[in-house]
Amino acid sequence: LPLSLEDKVVWIHADMSAKFVAGALDDLRTGEIWGAACTDTAGMGIDNPDIGLVIQYQTPKSQCVLMQRFGRGTRNPSLTARAVLFIEPKYLSEVREERKWKAEAQALREMKAKDK
C-alpha cells in the first residue's frame, strides 16, 4: 500500500491488548479501516457479517481450516464474498515434481561427466 493508506489495514495477533483488538474490529465494521491481517488466534474473534474479501497466504494444515477461514467472508445474503488463496509455486506438487526431475537429470549429467 502507498504510505498514505498504511493506516487502512491493521495487524492483529493474540499478544495485542483486548482494547486494541476491539477497537480495530470496530474500525473494520464501521469502514474506518479496510482490512485486518490476522493470526489464526486473532482471526477467530472477528464477527463481521459484511467482510467482502478474505485473503489466505499459504495453505493451512487442513482443508477444513481453509474453509473455516474462507467462511469468515460475508454472512449477509445480499452480499457476495470472495476468497483468495496465495500459494508459492514451490509448494505445488507439479512444481516439486519438476524440480525433482531436473535435479535427477542434473545429477545424471554430472555423473556422466565424471566418467569421461
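Going by the UniProt record's numbering, the sequence shown runs without a break in its numbering and finishes at 116. In this text, a Cβ means the ideal position worked out from N, Cα and C, and glycines have one as well. Bear in mind the structure is a predicted one, so any value in this text is a computation, not a measurement.
query                                                                            : result
Cβ of residue 105 within 8 angstroms of any chain D Cβ                           : Looking at the structure shown, chain D is missing, and only one protein chain is on hand.
CA-to-CA distance, residue 92 to residue 101, given in whole angstroms           : 14 angstroms
Check: residue 104 C-beta below 7 angstroms from any heavy atom of the ligand MG : Of ligands this structure carries none, so the ligand MG is not represented either.
Cross-strand partners of residue 56 (DSSP beta bridge)                           : 85
Inter-residue Cα distance where the pair is residue 8 and residue 34             : 5 angstroms
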